[in-house]
Amino acid sequence: FHGITILAGLWGGKNYQDMMTARRVRNNLFSVKPTDDKSLDQNVLNKKIWPLIRDKTMVHDSYYCKRKDMSGGDGYRPWPSRRVGYAYVGYGPTKDGPMDIIKRTPCPVGCRPKDHKDWEYC
3 FHGITILAGL WGGKNYQDMM TARRVRNNLF SVKPTDDKSL DQNVLNKKIW
53 PLIRDKTMVH DSYYCKRKDM SGGDGYRPWP SRRVGYAYVG YGPTKDGPMD
103 IIKRTPCPVG CRPKDHKDWE YC
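And the structure:
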């Protein structure tokens, strides 16, 4: 559970809807000097990209839906599909630790799709 605004490998944009913002995002990304800092990508996204796109986003989240600092322009939306087992978007062979946390942590009722409040793991 990251609790951060943008996960490095799980975001995208519709460049042609707003080319000015797309250029600003690109320029901000390329203005950063590479380092060996393991969290550089997350820091750049949080500090340089999120402020540019926050009011233009659609955010899917199963656990942090009530955090105002993480909701975007369209606000929070629950995941539209039911979780398969305890896997999650971004899961891979090195991600068993977070999967164990999910097994012990049902998503809050307020973060579940309105027609699927019975989805404990959403």
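Residues 3 to 124 in the numbering used here are what the sequence shown lists, from first letter to last. Note that CB positions come from ideal geometry on N, CA and C, so glycine has one too. Model, not experiment: these values are computed from the prediction.
When the options are compared against residue i, the one with the closest alpha-carbon
| i | options | result |
| --- | --- | --- |
| L9 | Y93, Q44 and V61 | Q44 |
| W121 | P80, G99, K97 and M101 | P80 |
| Y18 | N48, G92 and V27 | V27 |
| R1 | M21, M101, D71 and T37 | The question about residue 1 has no answer, for the chain in this structure spans 3 to 124. |
Distance between residue j and residue i (C-alpha atoms, nearest Å)
| i | j | result |
| --- | --- | --- |
| K16 | T23 | 10 Å |
| P108 | K119 | 11 Å |
| P82 | T59 | 16 Å |
Secondary structure of residue i, DSSP reduced to three states
| i | result |
| --- | --- |
| V61 | strand |
| R79 | strand |
| K16 | coil |
| G92 | coil |
| G99 | helix |
| C109 | coil |
Run of the alpha helix (DSSP H) containing residue i, from where it starts to where it stops
| i | result |
| --- | --- |
| W52 | W52 to I55 |
| N30 | M21 to F32 |
Proximity of residue i and residue j at Cβ, strictly below 7 Å
| i | j | result |
| --- | --- | --- |
| D63 | Y78 | yes |
| K50 | N30 | yes |
| G92 | L12 | yes |
| C124 | C67 | no |
| Y88 | I103 | no |
| V61 | V46 | no |
| T7 | W52 | yes |
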